[in-house]
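Numbering (this note's numbering), first residue to last: 302 to 610.
Just so you know, even glycine gets a beta-carbon here, dropped at the ideal spot from N, CA and C.
A quick note: this is a predicted structure, and the numbers were derived from the prediction, not measured.
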């Protein structure tokens, strides 16, 4: 039995070494080095090369190193009978909540516009919004969405949330199901997308949905690039229906140099770094599931393959 780490970023050695240090003798390999593929029972992955999971005949667990798993379902060459797990990381949730709060406050106080004015040597005071003036709408009330919604209420925001199934969150007005979506949208001044990416949610941030927001609403997408129809967002901003957007995720990452988002003054961007998994809280979860493979126990944080999350 052994673990293989498969990811395409520069953190592969960091994760490999962290697993080795915490595992008390478990064999851990990078997929880039020579290793006995028949010994691998767990693959710890993030944005893996498609086809790489098919190389392991004795795989018992595909473990996402983050909360998102949509990229795994996109790999049709993966062993379909192998269970998938995801990370439940309190730091991932709190980091996301802090990022969303920072973006909302920057929007209310015109900080993005003032940065452009500074570059242009333009002294131009602007009317600003107060917390009491806006309603925040969270699209998706899973772990990240629920904590973000709760934290925003502590700052005095009026917060409402929408999810596919009914949720109850203290201090948050909740809506559920397709029939309630329009009512949720029509009073949302800042829309925050924190949905999982599934076939049902792909392209949900489109012209039809965003047109139901009040005039001058602001859109924040910190979920997945696949949720957003880029050209619809630009059209609604240029038509002055939306006041702008802040995006952390994109269809193609890194974002191509020719993409119109780069030069749009009302589209603000961060490089898919709103929140990242913290190895100190994540590694113990992975080791626990590895040990459960050995003992035949049920894995923790299993993904529902039918739902896609």
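- Going by DSSP, residue 519 is part of the beta strand (DSSP E) stretching over 518-522.
- Residue 319 has its alpha-carbon roughly 15 Å from the corresponding atom of residue 332.
- DSSP places residue 308 inside the beta strand (DSSP E), whose first and last residues are 303-308.
- Looking from the CA of residue 534, the closest CA among 554, 553 and 565 belongs to 565.
- Beta-bridge partners assigned by DSSP to residue 341: 303.
- The continuous beta strand (DSSP E) containing residue 459 extends over residues 459-464.
- DSSP, read as helix, strand or coil, puts residue 563 in helix.
- Short of 8 Å from the beta carbon of residue 487, and not among the five residues preceding or following it, lie these beta carbons of its own chain, in chain order: 513, 514 and 515.
- For residue 330, the beta-bridge partners assigned by DSSP are 305.
- Collapsing the DSSP output to three states places residue 544 in a strand.
- Counted as a single uninterrupted DSSP element, the alpha helix (DSSP H) harbouring residue 404 occupies residues 391-409.
- Comparing alpha carbon positions, the residue from 380, 526 and 334 closest to residue 360 is 380.
- For the pair of segments examined, the stretch 548-558 was found to touch the stretch 518-526: the number of CB pairs separated by less than 8 Å reaches three.
- Per the Cβ contact rule, the stretch 435-444 is in contact with the stretch 483-499 (3 or more Cβ pairs under 8 Å).
- Bridge pairing for residue 438: 461 and 492 [DSSP].
- Distances from the alpha-carbon of residue 391 to those of 374, 368, 412 and 409 put 368 closest.
- Residue 490 sits close to residue 517, with the two beta carbons spaced by under 9 Å.
- In this structure, DSSP gives residue 603 an extended state, which the three-state scheme calls strand.
- Put simply, the backbone Cα of residue 325 is about 17 Å away from that of residue 306.
- In the DSSP assignment, residue 575 falls outside any beta strand (DSSP E) and carries neither an H nor an E.
- Excluding sequence positions up to five before and after residue 544, its CB lies within less than 6 Å of the CB of 517 and 519, all in the same chain and listed in chain order.
- Rounded to whole angstroms, the Cβ separation of residue 365 and residue 452 is 24 Å, and the two are not in contact under 8 Å.
- In this chain, residue 584 is not harboured by any beta strand (DSSP E); it is covered by the alpha helix (DSSP H) spanning 580-596.
- Counting the other CB atoms within 10 Å of its CB gives residue 330 a total of 16 or more, which places it among the buried residues.
- In the structure shown, residue 421 adopts coil according to DSSP, grouped into three states.
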